[in-house]
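What follows is a set of notes on a single structure, which appears directly below.
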Amino acid sequence: MPSDGITHDHGRSRGTQAQSLFQPETNGLEGNANHTEEETLGLRIEPDDVRLQPDDETRYAWQIDEPELEPLFEKALSKHSVGAYMELSSEVGKSFRAVHRDQVVKGGRSSTDRLRTLQDEHAALEQAVRAAKEQNQSLQEEKMALERRLRDAEEEAARRLSEMGHKIATLEENISKHQRDTKQWMSVAECYERTYTQCSTGLNQAILFLQGLSAENCLPDGGSALANS
């Protein structure tokens, strides 16, 4: 057995073995008595021209019905192991088949292209989901930050309101005390005013009385006699 893991039967080349795997799909009617015309392409393919990756010059293309097999068509036939050969041999005509190249063009994208498109769409969707999650996380963080700021602002407002209420209560108490003191001093002033008035009246009366006494003491005796006669 060669080192590449591929068995060569009776000295046949790898290309010949490859053709034997896909012969019902790629050979013409000649030499294929076991297959009807509908099962063949009507193309005779040389053994060395059987490729899993047809190029622009290849007259056929692969129509793959099972996406699970598509990875086998992503590298050359000569790169595969015996197991891959056996899987391809058992699935040819069932899960995949050779078709005219123009059928692929007319029929639109191959299943490989569709799978790749779906994979691209899936990757884009995953990226969009990740971006949405990141944006949601960022919004959540912003929301939490705003909530913290709101709580801090509410606490600061409550503290200031408490301080202002305390100051207002203190001012009201001081005002009430000043009002009481003012009334008290007004009462004292009224008392002083009454006392002053009384003292002033009594003093005036005393002055008049003394003046009257002084005038009597200053009169001569003759005057008194004249007054008596």
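Quick note: the sequence shown uses my numbering, first residue 3, plus one each step.
In this text, a Cβ means the ideal position worked out from N, Cα and C, and glycines have one as well.
CB contact flag (residue i, residue j, <7 Å)
i, j, result
"residue 2", "residue 55", "Because the chain in this structure spans residues 3 to 231, residue 2 falls outside the shown range and cannot be described."
"residue 72", "residue 141", "no"
"residue 97", "residue 68", "yes"
Of the listed residues the options, nearest to residue i (C-alpha basis)
i, options, result
"residue 57", "98, 92, 83 and 104", "104"
Integer-rounded CB distance, given that residue j should sit under 8 Å from residue i
i, j, result
"residue 79", "residue 99", "That pair is no contact at about 16 Å."
"residue 63", "residue 74", "Rounded, the Cβ-Cβ distance is 15 Å, inconsistent with contact."
Burial state of residue i, where buried means 16 or more other Cβ atoms lie within 10 Å
i, result
"residue 194", "exposed"
"residue 36", "Here residue 36 scores only 36 on pLDDT, less than 50, and its place in the model is too uncertain to base an answer on."
"residue 94", "buried"
"residue 124", "exposed"
"residue 168", "exposed"
"residue 82", "buried"
"residue 214", "exposed"
Three-state secondary structure (DSSP) of residue i
i, result
"residue 124", "helix"
"residue 100", "strand"
"residue 52", "coil"
"residue 78", "coil"
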